[in-house]
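J.: Protein chains in written order, with our numbering: chain S, 2 to 198; chain R, 7 to 296.
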C-alpha cells in the first residue's frame with residue numbers, strides 16, 4: 002500500500018486533529034452518496050476504500066500497532082417487488098446498462114408504474130442523457146411522492162457541484178496559511194482602530 | 007460553434023492564468039508548425055481545454071520557455087509538451103475538416119461558397135492530422151449520425167447531443183487506459199454534450215428565422231417555447247457540468263494542483279458564465295422581438 006499520509010494529503014508530522022480534518026474533508030468529497038448512479042461509482046468506492054484504509058493505517062501506526070488493511074464498502078439496495086425490475090436493478094448495478102434498457106423497453110406501456118420511470122431515469126442518467134433522465138425521475142416522484150429512493154435520487158441530481166472540491170474548498174487547503182493569519186490580524190487591528198480603542 | 011469553454015480568469019491565481027495562456031500559445035505554435043499556418047486562426051478555447059484536461063490526466067512533464075510570437079512581435083511564455091499538442095492538434099484538424107464537410111451539406115448561399123473555397127486548405131490540414139489510427143472514424147461517424155438526426159428533425163436534445171458527446175468522449179479518452187480512461191470518457195462526453203446544447207441554445211433565434219435544425223426548436227416547437235423552458239435548459243446544462251466535476255474529482259489528489267484548479271474553474275465557473283452570456287443574449291432577443 003502507498004504512503005497513507007500521502008493518500009490523505011498530510012505530512013507525517015501532522016497532528017491527530019489535522020489528520021482527522023483531512024480525512025473528513027476527503028470522505029465528504031468522495032462519499033458514495035455523491036456518486037450513486039454515476040457510472041464512475043465503483044471508482045469513487047475504491048477511492049473511499051483507499052482513504053479509509055489510509056486513515057486506519059495511520060491510527061494503528063500512531064497507536065503503536067502493526068499495519069493491516071481494512072475498509073468499508075458501500076452497498077446499495079433497492080427494494081423491488083417485481084422480479085423483472087429486480088433483474089433491471091441487478092444489470093444496472095453491474096454496469097450492463099444497455100441490457101437493462103432493452104429489458105425496460107420490453108415492458109408494455111400499460112404496466113409502466115413509478116418504478117419503471119425511476120429505473121428508466123437511472124439508465125438515461127448513466128448514458129449521459131441528463132435531460133430525459135430528469136423528466137423520468139420527476140414522473141416517478143409525481144406518481145409515488147412518498148418514495149424515499151426516488152426523492153433522494155432527485156435531490157442528488159439537484160445537489161450538483163455543491164460537493165465539488167473547488168467550489169467548497171473541500172480538500173483544498175491553502176498554501177499560504179501564515180499570510181492568512183497575518184491578514185486576519187491586520188483586519189482585526191483596523192477594526193480596533195489601530196489598537197487605540 | 008466554439009468558445010464556450012473558457013476560464014473565469016479573475017478567479018484563477020496569476021500563475022494559473024499564465025500557464026493557461028502558455029498552453030494556448032504552445033498549441034497554437036505547434037499546430038502552425040505541424041498542420042498549417044491557417045489553422046492558428048481557427049484554434050479555439052475548447053481544444054485548449056482538451057489539451058489541459060489531457061495534460062492533467064496523463065501527467066506529462068512540461069517545460070516553460072520564452073519564444074517569439076510572430077503575430078504579437080514579442081517573446082511569450084510557452085508550455086512545451088509535444089505529445090499532448092500532437093494529439094490535440096490532430097483531433098482539432100480532423101474535427102475541423104469533417105465539420106466543414108457537414109456544413110457544406112447543410113448550408114446555402116455565400117457562406118457555403120466561402121466554405122467551399124476553403125475546402126482544399128482543410129483537406130491539407132486533414133492530411134497532416136492522420137497520425138492516430140482510428141481517430142478519423144471516431145470523429146466522422148457520429149457527425150454522419152448527427153446529420154441523419156438533423157434531417158429527421160429529431161426532437162430529443164439528449165439524442166442529438168449524444169453524437170457530439172461521443173466525439174469528445176473519444177477524443178478525450180484516446181490512448182488512455184484503466185481509471186484515467188473511464189474518467190476521461192465521462193469528462194469528454196459531458197463537455198461535448200454541453201458544447202452542443204449551449205451552441206444550440208445560443209443559436210435558436212437565428213435558426214428559427216432561417217429554418218435550420220435546432221434541437222430545442224424541434225422539442226419546444228417555436229422560439230417562444232424555447233424561452234418558456236429556459237430554466238429546464240439551464241438545469242440540463244448545469245447537470246452535465248456537475249457530472250463532469252464529480253468525475254474529474256476522482257482524478258485529483260487530496261490537494262488540488264494548479265491544473266486541477268484551472269479545469270474546475272473552466273467547468274464550474276466558466277460554464278456558468280457562458281450560460282449567463284447566452285441567457286442575456288436570449289433575453290435581449292426577446293425584448294427586440296416584443
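Here a beta-carbon is modelled for each residue, glycine too, at the ideal position from N, C-alpha and C. Small disclaimer: the values here were computed from a predicted structure and weren't measured.
Identify, in the order they occur along the chain, each residue of the same chain with its Cβ nearer than 6 Å to the Cβ of residue 202 of chain R, setting aside the five sequence neighbours on each side.
T.: 167, 170
J.: Please classify residue 147 of chain S: is it buried, with 16 or more other beta-carbons within 10 angstroms of its beta-carbon, or exposed?
T.: exposed
J.: For chain R, find out if any of its Cβ atoms is closer than 8 Å to the Cβ of residue 133 of chain S; answer yes or no.
T.: yes
J.: If you measure from the beta carbon of residue 274 of chain R to each beta carbon in chain S, is any gap under 8 Å?
T.: Chain S, which has a Cβ nearer than 8 Å to the Cβ of residue 274 of chain R, makes this yes.
J.: By the 9 Å beta-carbon criterion, what residues does the region 22-39 of chain S contribute toward chain R?
T.: 23, 26, 27, 30, 31, 35, 36, 39
J.: Using the beta-carbon count (16 or more within 10 Å), is residue 67 of chain R buried or exposed?
T.: Exposed, by the Cβ-count rule.
J.: Just tell me which of S:118, S:54, S:105 has its CA closest to the CA of residue 8 of chain S.
T.: S:54
J.: Using a beta-carbon distance below 8 Å, is residue 105 of chain S in contact with chain R?
T.: Not an interface residue.
J.: For the candidate residues S:84, S:40, S:29, S:6, whose alpha-carbon lies nearest to that of residue 185 of chain R?
T.: Cα-wise, what sits closest to residue 185 of chain R is S:40.
J.: Which residues in chain S sit within 8 Å of residue 188 of chain R, going by Cβ to Cβ distance?
T.: 40, 41, 44
J.: With 16 other CB atoms within 10 Å as the buried threshold, where does residue 248 of chain R fall?
T.: Buried.
J.: Keeping to the same chain, check which residues put their C-beta closer than 7 Å to that of residue 104 of chain R; ignore five residues upstream and five downstream.
T.: 145, 146, 149
J.: Kindly list the residues whose CB is nearer than 8 Å to the CB of residue 9 of chain R, restricted to its own chain and excluding five residues on each side of it in sequence; keep chain order.
T.: 50, 51, 52
J.: By the DSSP assignment, the alpha helix (DSSP H) with residue 86 of chain R in it spans what residues?
T.: First-last for residue 86 of chain R: 80-86, but that is the beta strand (DSSP E), not the alpha helix (DSSP H).
J.: Assign residue 76 of chain S to buried or exposed, taking buried as 16 or more other Cβ atoms, counted over all protein chains shown, within 10 Å of its Cβ.
T.: Since pLDDT at residue 76 of chain S reaches only 35, below the 50 mark, its modelled position is unreliable, and the value read off the structure follows with that caveat. It is exposed - the Cβ of residue 76 of chain S has fewer than 16 other Cβ atoms within 10 Å.
J.: Alpha carbon to alpha carbon, how far is residue 43 of chain S from residue 3 of chain S? Give it in angstroms, no decimals.
T.: About 20 Å.
J.: Rounded C-beta distance between residue 260 of chain R and residue 23 of chain S? I'm assuming under 8 Å.
T.: 7 Å
J.: Within the continuous alpha helix (DSSP H) that includes residue 73 of chain R, where are the two ends?
T.: That residue, residue 73 of chain R, is in no alpha helix (DSSP H); its beta strand (DSSP E) goes 69-75.
J.: Does the beta carbon of residue 185 of chain R come closer than 8 Å to any beta carbon on chain S?
T.: With a threshold of 8 Å between beta carbons, residue 185 of chain R makes contact with chain S.
J.: If you draw a straight line from the C-alpha of residue 85 of chain R to the C-alpha of residue 59 of chain R, how long is it?
T.: 14 Å
J.: Report the three-state DSSP secondary structure of residue 66 of chain R (helix, strand or coil).
T.: coil
J.: Quick one, which of R:231, R:154, R:187 has its alpha-carbon nearest residue 108 of chain R's?
T.: R:154
J.: Kindly give me the distance between the Cβ atoms of residue 132 of chain S and residue 164 of chain R, rounded to whole angstroms, as I take these residues to be in contact under 8 Å.
T.: 5 Å
J.: Taking buried to mean at least 16 other C-beta atoms within 10 Å of its own C-beta, is residue 116 of chain R buried or exposed?
T.: exposed
J.: Take residue 274 of chain R and list the residues in its own chain whose beta-carbon comes closer than 7 Å to its own, dropping the five residues that flank it on each side.
T.: 247, 251
J.: Using a Cβ-Cβ cutoff of 7 Å, what residues of the region 254-270 of chain R are near chain S? List them in chain order.
T.: Going along the region 254-270 of chain R in chain order, one finds 255, 256, 258, 259, 260, 261, 262, 267, 270 with a Cβ nearer than 7 Å to chain S.
J.: Using alpha carbons as the reference points, say which of S:94, S:34, S:13, S:89 lies closest to residue 108 of chain S.
T.: S:89
J.: Please report the straight-line C-alpha distance between residue 56 of chain S and residue 62 of chain S, rounded to a whole angstrom.
T.: 10 Å
J.: Determine the contact status of residue 177 of chain R and residue 95 of chain R, defining contact as a CB-CB distance below 8 Å.
T.: No. Outside cutoff.
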